[in-house]
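Peer 1: In this note's numbering, the protein residues as written are 79 to 329.
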Amino acid sequence: MNLELSTFANRVIEQCGSTNDLARKLGDAGYPHGTWVSARAQDAGRGRLGRKWESQRGNLLLSILCRMEPKTHWSWVPLATAVGIAEGLSAFGSSVRIKWPNDLWLDGAKLGGILCEAVGSAKGSYIVIGIGLNCLHAPGNLDQETACLDRDPDSVRPLVIQSVLSVLEDIQARGVVELSRRYETLAALRPGTEIQWTSIEKKMSFDGVVNGLGESGELRVQLPNGEQESLFAEDVKVRRLVTPPADDAAR
Ligand code: BT5
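(1) Please report how far the alpha carbon of Arg129 lies from the alpha carbon of Leu237, in whole angstroms.
(2) Counting Cβ pairs closer than 8 angstroms, one from the segment 184-199 and one from the segment 96-111, do we hit at least three?
(3) Determine the contact status of Val206 and Arg124, defining contact as a CB-CB distance below 8 angstroms.
(4) Using alpha carbons as the reference points, say which of Trp178, Glu256 and Asn212 lies closest to Asp288.
(5) Comparing alpha-carbon positions, which option in Leu264, Pro217, Gly286 and Leu214 lies nearest Thr271?
(6) According to DSSP, is Gly128 part of a helix, a strand, or is it coil?
(7) Excluding the five sequence neighbours on either side, which residues of its own chain have a C-beta within less than 8 angstroms of the C-beta of Ala200, listed in chain order?
(8) Taking 8 angstroms as the threshold (C-beta atoms), are Ile142 and Trp64 in contact?
(9) Mind checking Gly208: buried by the 16 CB within 10 Å criterion, or exposed?
(10) Within its chain, find whatever has a CB closer than 8 angstroms to the CB of Met146; leave out the 5 residues flanking it on each side and keep chain order.
(11) Thr224 bridges to which residues according to DSSP?
(12) Identify whether Arg366 lies in helix, strand or coil by the three-state DSSP scheme.
(13) Ends of the beta strand (DSSP E) at Lys177?
(14) Is the distance from the Cβ of Arg126 to the Cβ of Asn180 below 8 angstroms?
(15) Restricting to runs no shorter than 3 residues, where is the beta strand (DSSP E) found entirely within the segment 234-299?
(16) Output needed for Ala327: all residues of its chain with C-beta closer than 8 angstroms, excluding positions within five of it in sequence on either side, in chain order.
(17) So, using beta-carbon positions, are Ile278 and Glu223 closer together than 8 angstroms?
(18) For Gly162, I'd like the list of residues in its chain whose CB is within less than 8 angstroms of its CB, leaving aside the five on either flank, ordered along the chain.
(19) Among Gly290, Thr159 and Pro148, which one has its Cα closest to the Cα of Ser308?
(20) Hey, could you find the ends of the alpha helix (DSSP H) Val155 is sitting in?
Right, dumping it as structure tokens:
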């Protein structure tokens with residue numbers, strides 16, 4: 079066993095650049111599915127598209143290795159992670175919603191984010207699932223509202239790890255149909271939600287109405303001209319939310 083790697087495999091360390099980079103070292107060395115690493119603070123925490131992740135002490139910063147087969151299910155891993163986190167946190171009575179594709183919302187503000195990075199290596203390909211969750215601090219001065227759980231990260235971490243791994247196991251055992259149903263009960267972008275998104279390729283903004291998920295976890299939307307479009311990882315802004323049915327809102 080590599081001694082350096084064993085100092086952070088399945089451990090909480092004080093500080094690092096990014097837990098995703100440490101998890102990648104574990105993945106390249108052949109550590110198994112479910113191995114995790116967590117830090118109390120990161121000085122180079124990242125989001126998608128090179129964005130920064132504010133990573134103060136008191137929040138959860140966690141990466142988990144995922145070696146799931148078949149690879150056709152890989153496109154579902156970010157949503158499976160979000161479902162695992164939202165379901166796990168319901169044990170605290172927190173009503174967390176999933177804002178497709180990788181955000182967790184509490185009362186409409188960003189509570190957490192997920193950064194999945196696929197890696198091919200000599201010891202097999204895998205996904206690093208990076209999770210940032212505001213436990214004790216909601217950072218200010220960002221371009222969006224933020225929220226926190228008001229819980230110690232040491233009490234949140236085991237719940238999140240266990241719940242995410244359990245959803246991944248379910249996909250492997252039963253496929254994604256049931257996951258899709260579970261996602262729908264937690265989705266912030268319900269069918270009928272009016273959204274706007276920016277196409278990275280075309281560098282243009284578009285408006286549309288959410289229809290639901292496609293078979294790879296993509297977001298199906300209807301354009302004003304009636305055409306259907308699939309979004310795979312675009313940043314989506316909400317223009318008008320749909321009010322959940324009364325029985326759902328009461329939960
Ligand atoms: C994400 O990116 O939401 C994925 C964040 C994943 C972070 C984890 S921490 C453990 C692991 N190691 C890493 O280095 N990363 C992962 P994205 O969708 O690109 O959102 C980034 C945007 O969220 C920023 O531009 C800010 O607007 C906002 N943001 C940054 N830090 C935040 C925070 N702590 N809480 C809420 N919003 C934040």
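For each residue, glycine too, the CB sits at the ideal point set by N, CA and C.
Peer 2: On the basis of the coordinates in this document:
(1) Looking at the backbone, the Cα of Arg129 and that of Leu237 are separated by about 27 angstroms.
(2) Verdict: yes, contact present.
(3) Going by beta carbons, Val206 and Arg124 fall outside the 8 angstroms limit.
(4) Per the sequence shown, the amino acid found at residue 288 is Val instead of Asp. Ranking the options by Cα distance to Val288, first place goes to Trp178.
(5) Answer by Cα proximity: Gly286.
(6) The answer is helix: DSSP assigns Gly128 an H, G or I state.
(7) Annotation for Ala200: Asp106 place their beta carbon closer than 8 angstroms to its own, counting only its chain and skipping 5 residues before and after.
(8) The chain is shown from 79 up to 329; residue 64 falls before or after that span and cannot be answered.
(9) In the assembly as shown, Gly208 is a buried residue. Its beta-carbon has 16 or more other beta-carbons within 10 Å.
(10) His111, Trp152, Val155, Ile205, Leu246, Ile249 and Gln250.
(11) DSSP lists Lys188 as partners of Thr224.
(12) Outside the displayed range of the chain (79 to 329) lies residue 366, so it cannot be described from this structure.
(13) Per DSSP, the continuous beta strand (DSSP E) segment holding Lys177 begins and ends at Val174 to Lys177.
(14) Yes. Within cutoff.
(15) Positions of the beta strand (DSSP E) runs, each at least 3 residues long and wholly inside the segment 234-299, are given as 272-277 and 282-291 in order along the chain.
(16) With a pLDDT of 45 at Ala327, under the threshold of 50, the predicted position of this residue should be treated as unreliable, though the coordinate-derived value follows. Answer for Ala327: Thr321, listed in chain order.
(17) Contact annotation: Ile278 and Glu223 have beta-carbon atoms that are not nearer than 8 angstroms.
(18) Once the five neighbours on either side are set aside, the close Cβ partners of Gly162 are Val238, Ser241, Val242, Leu243, Ser244, Val245 and Leu246.
(19) Considering only alpha carbons, the answer is Gly290.
(20) Under the DSSP assignment, Val155 falls in the alpha helix (DSSP H) whose first and last residues are Val155 to Leu167.
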